[in-house]
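Taking it in order: structure first as structure tokens, then the write-up.
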Amino acid sequence: MSRYRKIEVRTWTDQKFRELSPLLPSGQGLWFYLLTGPHTGPVPGLFRAGRAAMAEELNWSLDDFTDALDELTSCGMAKVDFGARLMWLPNALKHNLPQSPNVVRSWGVELDLLPECALKVKALARMREVLSEMGEPFVAALDEVLAKVVKASPKASPKPKSNQEQEQDQEQEQEQEQEQQDSAGDAHVSAITAADLSKMMCAEGVMAQPAHLLLIALAEQGVTPATIQAACKEARRTKGPTARISPDYVIAIIKRWKANGEDLQVDGVLAPSARASPRHGREAGRAAAAKSIGLGATYEPKHIIDIN
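Each residue of the sequence shown is one higher than the one before, counting from -5 in the working numbering.
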């Protein structure tokens, strides 16, 4: 049994503590600061913070802070998206497990405030894996949170546009039309949604939410309801006709099929060469989501430090 000690977050702002000799720049010092600093929130190990702000808080130079951070990222203890100012400590959740599914539900507001980026997708996917080891109620609580967080952005009120804005809109429309023509052969892929896959799973007796992160990634990869149905039937043959089957078990079958795709003829499991190459932010987001479950072409935004 591991031993744990509580550290008050306000320690870093306590007057007596701040009057002590300062913490010298080091990887160890930065590690404890990232774990317990005032930037931390209710979601263990996932928070928004900038390098300059943290360096100033520690009274370190930016170069010293960067050197210490490089120590952590080089061994995988921390991952950073500098563009979004999002930081993730992959093992933090394992050492700060929620006491109940209601604790997971309380993360909803914080997760909604964190910036959207590929690193967040990867962090949430890993979070779901950790919670799955605690039982289905914890996974269901996270899926419930994500279903509320993932929502359409409100449309802005119409207002008169200048000539320059109108010209920009025309250029964007032309680019979109060109993209649609280029991707005409893959129209069936973009038409697939996580809701379609979720509906097929439910029809086969596997309860799945449309907000399931890995289900969203499968939809972005073009996996069809027919593939989901085949995987559900395979799971049923393996588990038995009365066994309770989780969505993750079905997805694991599809991942296995993907690994052996050359020997299979399965609708929807596309080879990398059959998919359109990533272009602009939309395709990059698809590739990043797909990479979180090991499918599709590799894509790594230049701002993300990801040492495996």
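We put the beta carbon where it would ideally sit given N, CA and C, even for glycine.
This one's a predicted model, so the numbers in the text were calculated from it and none came from an experiment.
query	result
First and last residue of the beta strand (DSSP E) that includes ARG42?	40 to 42
Considering Cα atoms alone, identify which of GLN22, LEU29, ALA213 and ARG231 is closest to TRP65.	The question names Trp, but residue 65 in the sequence shown is Glu. That would be GLN22, whose Cα lies nearest to the Cα of GLU65.
With three or more C-beta pairs closer than 8 Å as the rule, is the stretch 4 to 21 touching the stretch 41 to 48?	no
Between which two residues does the beta strand (DSSP E) carrying GLN74 extend?	Per the sequence shown, residue 74 should be read as Val rather than Gln. Note, VAL74: beta strand (DSSP E), 73 to 75.
Answer yes or no: do LEU136 and ARG122 have a C-beta to C-beta separation smaller than 8 Å?	yes
I need the boundaries of the alpha helix (DSSP H) containing MET201, first residue and last residue.	Where MET201 is concerned, there is no enclosing alpha helix (DSSP H), given that its DSSP letter is neither H nor E.
Report yes or no: do three or more beta-carbon pairs, one from the stretch 70 to 90 and one from the stretch 102 to 122, lie closer than 8 Å?	yes
Would you call the CB atoms of VAL143 and GLY199 closer than 8 Å?	no
Need the endpoints of the beta strand (DSSP E) that TRP25 sits in, please.	Taken as a continuous stretch (DSSP letters only), TRP25 belongs to no beta strand (DSSP E), being part of the alpha helix (DSSP H) at 21 to 30.
Starting from the Cα of ALA202, find the closest Cα among LYS233, GLY234 and ASP242 and give me that residue.	ASP242
Under three-state DSSP, which class holds MET81?	strand
If we ignore side chains and look at the alpha-carbon of each, how far apart do GLN215 and CYS69 end up?	30 Å
Where does ASN53 fall in DSSP's three states?	coil
Are the beta-carbon atoms belonging to ALA86 and PRO38 less than 8 Å from one another?	yes
With distance defined between alpha-carbon atoms, name the residue in GLU127, LYS252, MET128 and ASP106 nearest to VAL139.	ASP106
Using CA coordinates, which residue listed in GLU110, ALA213, GLN223 and HIS206 is at the minimum distance from MET195?	GLN223
In the structure shown, what three-state DSSP assignment does ILE210 receive?	helix
Considering only the beta carbon of each residue, do PRO19 and ALA62 sit closer than 8 Å?	yes
Can you name the start and end residues of the alpha helix (DSSP H) that VAL37 belongs to?	Note, VAL37: premise wrong, no alpha helix (DSSP H); not H, not E.
Against chain D, does ALA213 count as a neighbour if the rule is that its beta carbon must be under 8 Å from one of theirs?	Here there is only one protein chain, and chain D is not present.
Going by C-alpha to C-alpha distance, which of GLY35, LYS88 and LEU28 sits closest to LYS73?	LEU28
Would you mind reading off the limits of the alpha helix (DSSP H) that contains GLY102?	102 to 107
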